[in-house]
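Below is one structure, written out as structure tokens; comments come after it.
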Amino acid sequence: MKFSEFDQTVIDMLREDRAFALEYLKEAFIGLDGEDGEAMFLIAMRRLVEARGGFAEVARTANLNRETLYRTLSERGNPTIKTTKKVLHAVGIHFSEIAG
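Numbering (the numbering used here), first residue to last: 1 to 100.
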């Protein structure tokens with residue numbers, strides 16, 4: 001997948017700094033109540049997945065199909081809480097860390 005320079009910078013920061021990744025996801029989670037909140041949360045999740053090994057690796061770790069994961073986190077995706085939890089756990093983050 002090809003990324004813009006900005007996207008790649010964010011992905012690199014998410015990969016290198018767990019505290020940044022947590023704050024980034026917290027803001028995306030809080031933003032769910034706002035306009036375009038769902039879209040912004042999905043973007044944040046996609047960037048985090050890329051930062052933590054890519055869709056194939058995260059799907060394998062989460063015991064999900066790669067294509068399904070990709071569609072679920074796409075612009076038109078609508079992940080369930082169960083899938084979101086699996087993805088977060090696969091990248092080493094728990095809901096309690098972003099919801100609290």
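Glycine residues also receive a C-beta, built at the ideal position from the N, C-alpha and C atoms.
Euclidean distance between Cα positions of arginine 52 and arginine 15
As a first step, residue 52 must be located in the sequence shown, where it is residue number 52. As a first step, residue 15 must be located in the sequence shown, where it is residue number 15. Approximately 6 angstroms, taken between the alpha carbons.
Name the residue from Tyr24, Val91, Leu22, Asp12 whose alpha carbon lies nearest to the alpha carbon of threonine 61.
Walking along the sequence shown from the start, residue 61 turns up at place 61. The shortest C-alpha separation from threonine 61 is found at Val91.
Have a look at tyrosine 103 and phenylalanine 55 and give me their C-alpha separation to the nearest angstrom.
The requested residue 103 does not occur in the structure, where the chain is confined to residues 1 to 100.
With the cut-off set at 8 angstroms, would you say leucine 42 and leucine 64 are in Cβ contact?
As a first step, residue 42 is located in the sequence shown; it is residue number 42 there, counting from the start. As a first step, residue 64 is located in the sequence shown; it is residue number 64 there, counting from the start. Cβ atoms of leucine 42 and leucine 64: not closer than 8 angstroms.
Which residues in the same chain as alanine 39 place their Cβ atom closer than 7 angstroms to its Cβ, once the five residues preceding and following it in sequence are excluded?
Along the sequence shown, read from residue 1 onward, the residue named residue 39 stands at position 39. Cβ within range, chain order: Glu75.
Does histidine 94 come out as helix, strand or coil in the three-state DSSP assignment?
Against the sequence shown, residue 94 aligns to sequence position 94. Correct three-state label for histidine 94: coil.
Would you tell me roughly how many angstroms separate the C-alpha atoms of threonine 68 and isoleucine 98, rounded to the nearest one?
Mapped onto the sequence shown, residue 68 falls at position 68. Mapped onto the sequence shown, residue 98 falls at position 98. Distance between the alpha carbons of threonine 68 and isoleucine 98 is about 24 angstroms.
Would a C-beta distance cut-off of 8 angstroms place valine 10 and arginine 47 closer than the cut-off?
Along the sequence shown, one-based indexing puts residue 10 at 10. Along the sequence shown, one-based indexing puts residue 47 at 47. It is a contact, given that the beta carbons lie within the stated cut-off.
Output the boundary residues of the alpha helix (DSSP H) element that contains arginine 71.
As a first step, residue 71 must be located in the sequence shown, where it is residue number 71. 66-72 is the extent of the alpha helix (DSSP H) around arginine 71.
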